[in-house]
Amino acid sequence: MSLMPGPTDDQPGPAEDAIDPTIDDSVAAEEIAASEAIRAVEDVAAARRRGPSDPGWLRVVIVVWCFWLLGAWGAAWLSDTSVPRVRWMMFAGSFGLMLAWPAFRLSQQVRSDEPGHGALQVLLDWLAMIGVYQAVIWSLHLLAAWPLIRGVWLDAAVMAWSLLTALIVAAARRWPYGWARTAAMALCIALVFAEPVVLWLVVISGGEAWPMRVSPIQAFWELTKPPSRGTIQPWDKRTLMIAFVAVSGWLSLWLWWVGERVALLRDAKA
38 MSLMPGPTDD QPGPAEDAID PTIDDSVAAE EIAASEAIRA VEDVAAARRR GPSDPGWLRV
98 VIVVWCFWLL GAWGAAWLSD TSVPRVRWMM FAGSFGLMLA WPAFRLSQQV RSDEPGHGAL
158 QVLLDWLAMI GVYQAVIWSL HLLAAWPLIR GVWLDAAVMA WSLLTALIVA AARRWPYGWA
218 RTAAMALCIA LVFAEPVVLW LVVISGGEAW PMRVSPIQAF WELTKPPSRG TIQPWDKRTL
278 MIAFVAVSGW LSLWLWWVGE RVALLRDAKA
């Protein structure tokens, strides 16, 4: 006679302890998706409280940018070329904004919990760097004795083309793929050099040259000519066109990010 107690009404048997295998897979998938959406919203909120990155990141960018400008200034004044030193300095600074800085930012990984996946960091970088660059542009304006309107349009041209470069960097950092950042860096280089190369090939093959519309090189070159020789036309219209494209792109990027946040909130509430 066995002394082991058998199952009673208060003690369910092994069959009743087993997990029900008929759980609907779609319900489980919806629960997982909802939990992931809630976690994503919490990550975004935490990132907003924490800031885009390490609190010292912007100071580092500003310090490195100042050293770049000081190095460009020293190289310009020590160089012995036919290019005026003021123009040399403008090109060195502008290429730092449009080529060196994008290479630095695109070489970094992006945290998925950063607001806008790093777009805010890129925009703050640009604002800080263009703010520091104002001291350089207007110092050169005094040295070169350009008319005030020339200095305004040169400043506007640098801001417009560099803001377009920042847009390319910010858009690429929304994807966690190396090929996206590589393609963005190639696009930044093409923005500066592709049109001059094509124009050069057309000219040496006997074709007719045209004023550059996409590359900033000719605009910067013409706007940094001596006061008696330079003109702001048609570079004022080119600058306005590039500025319109850059601002429109940034607004589209912001609307894209807002749409993603709204979709996450809806998923979290569902």
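In terms of the numbering used here, the sequence shown is numbered consecutively and its last residue is 307.
Note that beta-carbon positions come from the ideal geometry of N, C-alpha and C, so glycine has one too.
Between glycine 155 and alanine 207 the beta-carbon gap is near 7 Å, inside 8 Å, which marks them as a contact. Taking C-beta separations shorter than 7 Å and ignoring five residues to either side along the sequence, the partners of tryptophan 114 in its chain run Arg122, following chain order. In this structure glycine 111 is exposed. Its beta-carbon is surrounded by fewer than 16 other beta-carbon atoms within 10 angstroms. For serine 289 and tryptophan 198, the gap between their C-alpha atoms comes out near 17 Å. In the three-state DSSP reduction, valine 251 falls in the coil class, being neither helix nor strand. Taken through DSSP and simplified to helix, strand or coil, glycine 111 comes out as helix. If you compare the alpha carbons of Trp183, Leu95, Gln171 with that of arginine 142, the shortest gap goes to Leu95. Distance check between tyrosine 214 and each of Arg124, Gln146, Gly296 places Gln146 closest, using alpha-carbon atoms only. The alpha helix (DSSP H) runs lying completely inside the segment 206-260 and spanning 4 residues or more are 215-241, 254-260, given in chain order. Here arginine 275 has Arg250, Ala256 as same chain residues with Cβ atoms under 7 Å from its own Cβ, once five neighbours each way along the sequence are excluded.
Check the Cα spacing between valine 282 and each of Val173, Gly168, Val101, Leu204: the tightest is with Leu204. The distance from the Cβ of methionine 135 to that of cysteine 225 is about 6 Å, consistent with a contact at the 8 Å cut-off. Approximately 24 Å separates the beta-carbon atoms of alanine 221 and leucine 236; this is outside 8 Å, ruling out the contact. Following the DSSP letters along the chain, one finds proline 139 inside the alpha helix (DSSP H) bounded by residues 138-143.
Non-local C-beta neighbours of glycine 267 in its own chain, meaning closer than 7 Å and more than five positions away in sequence, comprise Arg187, Glu259, Leu260, ordered along the chain.
For leucine 134, no alpha helix (DSSP H) segment is defined, and its DSSP state is neither H nor E.
Listed in chain order, the non-local C-beta contacts of leucine 180 below 8 Å within the same chain comprise Val123, local neighbours out to five positions each way being set aside. Only exposed fits serine 285, as fewer than 16 other CB atoms lie within 10 angstroms of its CB. If you compare the alpha carbons of Val234, Lys262, Pro139, Ser176 with that of valine 159, the shortest gap goes to Pro139. Residue burial annotation: threonine 219 is exposed, with fewer than 16 other C-beta atoms found within 10 angstroms of its C-beta. Check the Cα spacing between leucine 106 and each of Trp163, Leu161, Val169, Asp162: the tightest is with Val169.
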